[in-house]
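One structure below.
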Amino acid sequence: MKRAYVAALVVAGILSGIAAGFYFTRMRGGPPALERAILFETPRPLPEFALVDQAGRTFDRESLRGGWTFLFFGFVNCPDVCPTTLATLAEVRRIAGDLPPGDRPQVALVSVDPARDTPDVLARYVAHFDPEFTGVTGSAGSIDALTRHLGVAVVVGPTADDGSYSVDHTAALFLIDPSARQSALFGSPHDAAVIARDYRRIVAARPR
Numbered sequence: 002m003k004r005a006y007v008a009a010l011v012v013a014g015i016l017s018g019i020a021a022g023f024y025f026t027r028m029r030g031g032p033p034a035l036e037r038a039i040l041f042e043t044p045r046p047l048p049e050f051a052l053v054d055q056a057g058r059t060f061d062r063e064s065l066r067g068g069w070t071f072l073f074f075g076f077v078n079c080p081d082v083c084p085t086t087l088a089t090l091a092e093v094r095r096i097a098g099d100l101p102p103g104d105r106p107q108v109a110l111v112s113v114d115p116a117r118d119t120p121d122v123l124a125r126y127v128a129h130f131d132p133e134f135t136g137v138t139g140s141a142g143s144i145d146a147l148t149r150h151l152g153v154a155v156v157v158g159p160t161a162d163d164g165s166y167s168v169d170h171t172a173a174l175f176l177i178d179p180s181a182r183q184s185a186l187f188g189s190p191h192d193a194a195v196i197a198r199d200y201r202r203i204v205a206a207r208p209r
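In structure tokens form, the structure reads like this:
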């Protein structure tokens with residue numbers, strides 16, 4: 002059964018990548034040469050949503066305006082992919098630290114396990130990687146609506162006798178532009194140096 006869950010996620014990821022491939026951009030006369038990221042020809046507006054961050058403040062579409070943000074969907078009890086990805090994103094921010102303040106990327110972890118990932122739990126978790134990271138949670142319905150819109154596959158595993166369970170999820174990174182639109186998609190595996198180089202090219206190619 003576990004293999005079936007993972008296979009479903011892999012298929013969903015492949016389909017998402019194929020669909021995204023039709024949306025390469027023509028910014029400033031031609032697309033920037035990217036190593037891994039897929040850049041959309043027309044950035045996709047995010048839907049309206051209402052979540053909360055690790056401080057209990059409202060986190061919605063307006064919260065993403067004015068800067069670049071990597072959205073990553075994961076959960077605190079994730080044993081491998083999530084901590085590895087967050088550590089990678091922390092390194093991306095370090096590499097991009099020489100960019101103008103408005104062009105430096107932010108990172109938001111949106112929990113796919115809201116039953117366990119309360120704001121307090123997320124606050125402690127994301128601070129371990131970077132004190133500037135934002136942890137996001139909310140109602141299961143609100144998170145489900147956002148994951149469906151972005152094509153994020155989420156499969157909750159069976160509950161063990163001790164009450165624990167796992168959550169399989171898409172490991173892609175979604176780059177949100179300063180107008181709160183999905184601008185690019187970064188598939189896994191993730192490499193900080195590659196992500197940082199692609200990120201610089203995307204930011205540089207955006208019309209000012």
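With our numbering as the guide, the letters of the sequence shown map in order to residues 2 to 209.
For glycine and all other residues, C-beta sits at the position ideal for the given N, C-alpha and C.
None of the values given here were measured: they were computed from a predicted structure.
The bridge partners DSSP lists for Ser180 are Arg66.
Around the beta carbon of Gly142, a 10 Å sphere encloses fewer than 16 other beta carbons of the protein chains shown; the residue is thus reported as exposed.
Within the segment 107-140, the complete beta strand (DSSP E) segments of 3 residues or longer fall at 107-112 and 135-138, listed in chain order. According to the DSSP secondary-structure assignment, Leu40 is paired through a beta bridge with Ala185.
The residue from Thr135, Arg117, His150 and Cys83 with its alpha-carbon nearest to that of Pro46 is His150. Distances from the alpha-carbon of Arg95 to those of Pro106, Ser140 and Val155 put Pro106 closest. Pairing Val155 with Val137 gives a Cβ-Cβ distance that is not under 8 Å. Beta-bridge annotation (DSSP): Thr59 is paired with Val53. According to the DSSP secondary-structure assignment, Asp169 is paired through a beta bridge with Val156.
For Cys83, the uninterrupted alpha helix (DSSP H) segment begins and ends at Val82 to Ile96. Taking C-beta atoms as the reference points, Leu147 and Phe50 count as a pair closer than 8 Å.
Per DSSP, Arg207 is not a residue of any alpha helix (DSSP H), being assigned neither H nor E.
Scanning its chain for C-beta atoms nearer than 7 Å, with the 5 sequence neighbours on each side dropped, one finds around Arg198 the residues Glu36, in chain order.
Under the three-pair Cβ rule at 8 Å, the segment 169-182 counts as touching the segment 64-80.
Within its own chain, the residues whose Cβ lies closer than 8 Å to the Cβ of Ala124, once the five positions on either side in sequence are excluded, are Gln55, Ala56 and Gly136, listed in chain order. For Leu147, the three-state secondary structure derived from DSSP is helix. Here Pro46 carries a strand assignment [DSSP, helix/strand/coil].
By the neighbour-count definition (other C-beta atoms within 10 Å, threshold 16), His129 is an exposed residue.
Cβ neighbours of Phe134 within its own chain (closer than 6 Å, five residues either side excluded): Val108 and Val127. With fewer than 16 other beta carbons inside 10 angstroms of its own, Thr160 counts as exposed. Between the beta-carbon of Ile203 and that of Ala38 there is about 7 Å, and that keeps the pair under the 8 Å contact cut.
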